Amino acid sequence: MTSREEFEKREESFLSPYGLPSSQSRGRVREEEACPIRSDFQRDRERIVYCNAFRRLKHKTQVFLSPLGEHYRTRLTHTLEVAQIARAVARAMRLNEDLTEAIALGHDLGHTPFGHSGETVLKEIYSGNFSHPIQSLRVIDILEKNGAGLNLTLEVRDGILKHSKGYGTIIPESKREKACTAEGQVVRVADIMAYLNHDLDDAIRSGVICKDQIPERCVRVLGSNHPERATTMVRDLIYASHPENGELKLQITDEVHRAMDELRNFLYHNVYRSPQVHNEFVKSKKILRELYTFFLQDANETIFSHELAALEMPNHNTIRSKERSVCDFIASITDRYALELYERHFFPSSLV
1 MTSREEFEKR EESFLSPYGL PSSQSRGRVR EEEACPIRSD FQRDRERIVY
51 CNAFRRLKHK TQVFLSPLGE HYRTRLTHTL EVAQIARAVA RAMRLNEDLT
101 EAIALGHDLG HTPFGHSGET VLKEIYSGNF SHPIQSLRVI DILEKNGAGL
151 NLTLEVRDGI LKHSKGYGTI IPESKREKAC TAEGQVVRVA DIMAYLNHDL
201 DDAIRSGVIC KDQIPERCVR VLGSNHPERA TTMVRDLIYA SHPENGELKL
251 QITDEVHRAM DELRNFLYHN VYRSPQVHNE FVKSKKILRE LYTFFLQDAN
301 ETIFSHELAA LEMPNHNTIR SKERSVCDFI ASITDRYALE LYERHFFPSS
351 LV
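Mapping the sequence shown onto the UniProt record's numbering, position 31 (from 1) lands on 31, and the numbers just tick up by one.
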């Protein structure tokens, strides 16, 4: 018996009936020989952590563009906070922690630079169907490893595709919206819990809002600081969830659910739509729009081919259209690389 087989046997003994044992994965798009040491979900987690797209998350905006302070969240720190919350919930519920963590670490691999303004502009100039969860699957399946992709398990891919949709339902009822595993469903809720807490934290730190503006119900029900709010949300999810019709039904009590919804609406109107944040997003949309047009019109394509090679992305001739390839490129670059490209191609340069 290999180390992996021994681990899978132990795993089956301690997981709840609602957790997915690694040995019961539906496999990968392309079949691979099993690792003698690591389970399939452990391999997925490591493939994500070591991929280029994961490393680029450290220079992608969460909410505040190019923050000068060292303590503001980036897309990478957001991802790590989601993984921490999701894994804590999975452990308490005796779900598969490796599967949960792999989904959490990969859920934003396809996120654009400059936060949701990047996603908005690609919806406008490329396709109304563009979304970062779908783009995350493109990263996983096509764009990483120069076109070879990461070939992750079907359960991890499904969880990444169905993580939270911005202002969508916190815990959806529709099977089309729900991940096929309890682990993937946990990540969706953990994603919302994470950004509600840290976006509020960063907004206070930046001076966009002050503590006195937080709705009274949110403070009374959830808590007055980050640790209290996170503990309340996580504990409520763990204790309110229960088995139903042979499945684990994730649930949040009505009181906490209302407070979370109110906090989300508060952030939308007072932080994401604040002049300090919105005005910078307008600028960033202009940058990405002009870069998209520039690379699309690169007649001899040498510049674009060079940029794709620098990001270790497949040449656009292997993708179905140049528009799709330019969209993939724009979605993949970091905030600071976008600013560097814009300066290089649109600012006058010295002749000396």
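Cβ coordinates follow ideal geometry from the N, Cα and C atoms, glycine included. Since this is a predicted model, take the numbers as computed values, not measurements.
Using beta-carbon positions only, say whether residue 163 and residue 139 come within less than 8 Å of one another. no
In chain order, what are the residue ranges of uninterrupted alpha helix (DSSP H) at least 4 long that sit wholly in the UniProt domain "HD" (75-196)? 75-92, 97-106, 115-125, 132-138 and 154-161
Do residue 256 and residue 88 come within 8 Å of each other at the CB atom, strictly closer than that value? no
Assuming residue 308 is part of the alpha helix (DSSP H), what are its boundary residues? 302-310
In the region 308-346, which residue ranges form an unbroken alpha helix (DSSP H) of at least 4 residues, counting only runs that do not cross its ends? 322-332 and 335-346
In the DSSP assignment, what residue or residues form a beta bridge with residue 61? 74
Less than 8 Å between the C-beta atoms of residue 177 and residue 95, yes or no? no
Residue 263 - containing alpha helix (DSSP H), residue span: 254-267
Counting Cβ pairs, one atom from each stretch, are 3 or more of them under 8 Å apart for the region 295-314 and the region 22-41? no
Under 8 Å between the Cβ atoms of residue 296 and residue 323? yes
Would you mind reading off the limits of the beta strand (DSSP E) that contains residue 288? Where residue 288 is concerned, there is no enclosing beta strand (DSSP E), although the alpha helix (DSSP H) it sits in stretches over 275-296.
Range of the contiguous alpha helix (DSSP H) that encloses residue 228: 226-240
If you check the beta carbons only, do residue 190 and residue 85 fall under 8 Å apart? yes
Taking 8 Å as the cut-off, decide whether the C-beta atoms of residue 60 and residue 75 are in contact. yes
Is DSSP giving residue 30 helix, strand or coil here? coil
Just mark residue 195 as buried or exposed, buried being the case when its beta carbon has 16 or more other beta carbons within 10 Å. buried
Here's the rule: buried if 16 or more other CB atoms are within 10 angstroms of the residue's CB, otherwise exposed. What is residue 271? buried
Which residues share a DSSP beta bridge with residue 244? 247
Inter-stretch contact (C-beta, 8 Å, three-pair minimum) for the region 314-331 and the region 108-121: yes
I need the DSSP call for residue 43, collapsed to helix, strand or coil. helix
With distance defined between alpha-carbon atoms, name the residue in 275, 62, 10 and 258 nearest to residue 39. 10
Close beta carbons around residue 342, own chain, < 8 Å, minus the five adjacent residues each side: 287, 290 and 291
Terminal residues of the continuous alpha helix (DSSP H) containing residue 13? 3-14
Please list, in chain order, all residues of the same chain as residue 285 whose beta carbon is under 6 Å from its beta carbon, the five residues on each side excluded. 117 and 121
Please determine, among 336, 57, 293 and 14, the residue with the shortest C-alpha to C-alpha distance to residue 124. 293
Quick one, are the C-beta atoms of residue 114 and residue 206 less than 8 Å apart? no
Under 8 Å between C-beta atoms of residue 146 and residue 312: yes
For residue 204, which of 97, 141, 35 and 226 has the nearest alpha-carbon? 226
Applying the criterion that 16 or more other CB atoms from any shown protein chain within 10 Å of the CB defines a buried residue, is residue 260 buried or exposed? buried
Looking only at its own chain, which residues have a Cβ that is under 6 Å from the Cβ of residue 215, when we skip the five neighbours before and after it? 262 and 266
Same chain, Cβ closer than 6 Å to residue 304, five either side skipped, listed in chain order: 295 and 298
Other residues of its chain near residue 41: CB distance less than 6 Å, five sequence neighbours each side excluded: 22, 98, 99 and 102
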